[in-house]
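Comments concern the structure below.
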């Protein structure tokens with residue numbers, strides 16, 4: 001794909017241990033059609049721009065499994081393997097610290113979102129060049145309640161956006177932002193950047209860019225892929 | 230199904246005009262496997278308890294289409310047809326006003342949620358008997374941002390619940406609650422009951438009880454049904 005803006009690096013975070021899926025195999029390794037989930041994700045960014053540096057953050061005890069998987073599937077796309085941490089926050093930080101370049105634009109993406117599309121990456125890249133921090137969001141279409149103590153109250157869904165990845169940042173800013181102590185409010189990279197004082201810009205995500213965290217999600221992803229082909 | 234609590238009536242609201250789906254045919258009439266969406270929904274409540282009064286609220290200009298559809302599909306489940314209004318609020322109110330009985334427990338359900346399961350209805354029924362107003366909710370698993378003016382900020386997803394239907398109420402309470410002027414904040418029945426001063430109780434919904442409002446949703450519903458069989 002020919003892009004006017006360069007994505008210098010992408011950190012693909014895959015910390016899943018397989019507990020939530022009640023599966024022996026962590027979800028990032030499960031087969032989605034012909035390839036493990038994580039290979040789809042890596043391939044998407046490689047196909048988007050084969051000059052983007054690809055950094056894969058994985059629990060260290062999964063390195064050997066992954067390397068064998070790459071052999072089994074003859075998976076040849078060059079990527080740097082980085083050791084994950086006990087929280088997504090630490091995994092991303094390890095990924096950021098592994099980047100040698102001093103500036104540029106980088107993406108942080110969930111390894112278990114293999115269905116991300118080129119148009120979403122492109123929109124994010126353009127917005128990050130302009131705004132330093134850009135994240136994909138989709139509207140909330142359901143009625144929503146907010147829980148406060150023992151009670152719940154109706155909340156205006158038009159004020160809510162559902163956050164996806166890739167979240168795209170100016171490298172210097174996101175590296176500085178991650179130079180803090182972990183907090184449980186950090187459920188994504190934008191929340192870390194925001195705590196650092198960075199204004200977050202929103203761009204349109206894609207409803208099909210689902211996160212595969214359950215068997216149900218994996219089945220659905222298989223279904224979506226079968227529809228595309 | 231054998232239930233200790235009786236659901237006296239269900240109002241099934243199907244107001245869709247087909248605009249959002251870019252389809253000539255309103256989404257409630259589209260084919261889900263072997264049957265139009267709306268017939269699945271009606272059948273679910275009939276199968277749950279064949280003594281429940283079924284009230285279908287539909288735009289008046291779709292009555293003839295619906296009646297022909299019932300002939301085509303030899304659909305024989307008894308239901309009362311009630312004229313819809315310009316907003317979901319008015320449709321539900323028309324449905325409530327069509328109920329002759331003075332008290333009891335009634336459900337209000339989206340016509341385009343055909344995948345509701347018996348267990349959800351049962352949980353709601355039990356909660357409504359105890360609490361007068363009960364709605365199904367599921368957790369929010371995505372990162373969330375709240376929009377305020379031109380800005381957005383990170384929000385704790387643990388405080389959010391996604392609301393589904395059937396919403397189940399004491400008939401007298403929900404009828405009284407609906408005796409108000411329409412407000413755009415009324416996106417569901419709980420918001421109307423809450424504005425009337427009724428405390429809303431939450432029970433566990435089901436992630437598969439999706440609302441079919443787009444082509445994507447319909448494809449997904451077909452996928453879910455194919456997995457069950």
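Protein chains in written order, with my numbering: chain A, 1 to 229; chain B, 230 to 458. In this text, a Cβ means the ideal position worked out from N, Cα and C, and glycines have one as well.
Worksheet item: Nearest CA to the CA of residue 342 of chain B: which residue from B/310, B/266 and B/239?
Response: Considering only alpha carbons, the answer is B/266.
Practice prompt. Using beta-carbon positions only, say whether residue 133 of chain A and residue 168 of chain A come within less than 9 angstroms of one another.
Written response: Taking 9 angstroms as the Cβ cut-off, residue 133 of chain A and residue 168 of chain A qualify as a contacting pair.
Worksheet item: In chain C, which residues lie with their C-beta within 9 angstroms of the C-beta of residue 228 of chain A?
Response: The displayed structure is made up of protein chains A and B, and chain C is not among them.
Discussion item. Using CA atoms only, rank isn't needed, just tell me which of B/264, B/324 and B/418 is closest to residue 299 of chain B.
Written reply: Checking every option, the nearest Cα to that of residue 299 of chain B belongs to B/264.
Discussion item. Short of 7 angstroms in beta carbon distance, which residues of its chain neighbour residue 417 of chain B, apart from the five on each side in sequence? Order them along the chain.
Written reply: In the same chain as residue 417 of chain B, and ignoring 5 residues on each side of it, the C-beta atoms closer than 7 angstroms to its own belong to 392 and 396, in chain order.
Discussion item. Classify residue 93 of chain A: buried if its beta carbon has 16 or more other beta carbons within 10 angstroms, exposed otherwise.
Written reply: Buried is the label assigned to residue 93 of chain A, since at least 16 other Cβ atoms lie within 10 Å of its Cβ.
Practice prompt. Report buried or exposed for residue 136 of chain A, applying the criterion of at least 16 other Cβ atoms within 10 angstroms of its Cβ.
Written response: Buried.
Practice prompt. Under 7 angstroms Cβ to Cβ from residue 373 of chain B, same chain only, skipping five residues before and after it: list those, please.
Written response: The beta carbon of residue 373 of chain B is closer than 7 angstroms to those of 384, 386 and 389 in its chain, skipping five residues each way along the sequence.
Worksheet item: Looking at the unbroken alpha helix (DSSP H) that takes in residue 42 of chain A, where does it start and where does it end?
Response: Start and end: 37 to 48.
Worksheet item: Along the segment 406 to 420 of chain B, what residues have a CB closer than 7 angstroms to any CB found in chain A?
Response: Here the close residues are 414, 416, 417, 419 and 420.
Discussion item. When you compare the CB positions of residue 259 of chain B and residue 447 of chain B, do they come within less than 9 angstroms of one another, or not?
Written reply: It is a contact, given that the beta carbons lie within the stated cut-off.
Fill in: For residue 103 of chain A and residue 171 of chain A, believed in contact at Cβ under 8 angstroms, the rounded distance
Between residue 103 of chain A and residue 171 of chain A the Cβ distance is about 5 angstroms, and since that is below 8 angstroms, they are a contact.
Worksheet item: So, does the CB of residue 203 of chain A fall closer than 9 angstroms to a CB anywhere in chain B?
Response: The beta-carbon of residue 203 of chain A is placed no less than 9 angstroms from the nearest beta-carbon of chain B.
Discussion item. Our contact map puts residue 77 of chain A next to residue 42 of chain A with C-beta atoms below 8 angstroms; I'd like the distance itself, whole angstroms only.
Written reply: Between residue 42 of chain A and residue 77 of chain A the Cβ distance is about 6 angstroms, and since that is below 8 angstroms, they are a contact.
Practice prompt. Kindly say whether residue 393 of chain B, judged by its beta-carbon, lies nearer than 9 angstroms to any beta-carbon of chain A.
Written response: By this cut-off, residue 393 of chain B is an interface position.
Worksheet entry | Under 7 angstroms from the C-beta of residue 120 of chain A: neighbouring residues of chain B | Residues of chain B with a Cβ closer than 7 angstroms to the Cβ of residue 120 of chain A do not exist; the shortest Cβ-Cβ separation is about 15 angstroms.
Item to complete: Rank B/438, B/412, B/359 and B/413 by C-alpha distance to the C-alpha of residue 347 of chain B and give the top, closest one.
Response: Of B/438, B/412, B/359 and B/413, the residue nearest in Cα terms is B/438.
Practice prompt. For my contact list, residue 414 of chain B and residue 325 of chain B are in at a C-beta cut-off of 8 angstroms; report their separation, rounded to the angstrom.
Written response: With 8 angstroms as the limit, residue 414 of chain B and residue 325 of chain B do not qualify as a contact, their Cβ atoms being about 19 angstroms apart.
Discussion item. Which residues of the segment 141 to 158 of chain A have a Cβ closer than 9 angstroms to any Cβ of chain B? Give them in chain order.
Written reply: Residues passing the 9 angstroms Cβ filter: 141, 142, 143, 144, 145, 146, 147, 148, 151, 152, 153, 154, 155, 156, 157 and 158.
Worksheet entry | Candidates A/82, A/227, A/200 and A/83, of which the one nearest residue 380 of chain B by Cα | Ranking the options by Cα distance to residue 380 of chain B, first place goes to A/200.
Worksheet item: So is residue 421 of chain B buried or exposed if we call it buried at 16+ other beta carbons inside 10 Å?
Response: Burial call: buried.
Worksheet entry | residue 219 of chain A: contacting residues in chain B (beta-carbon distance under 8 angstroms) | Result: 452 and 456.
Item to complete: Quick one: list the residues of chain A neighbouring residue 423 of chain B, beta-carbon separation under 8 angstroms, in chain order.
Response: Ordered by position in chain A, the residues that pass the 8 angstroms Cβ test against residue 423 of chain B are 153 and 154.
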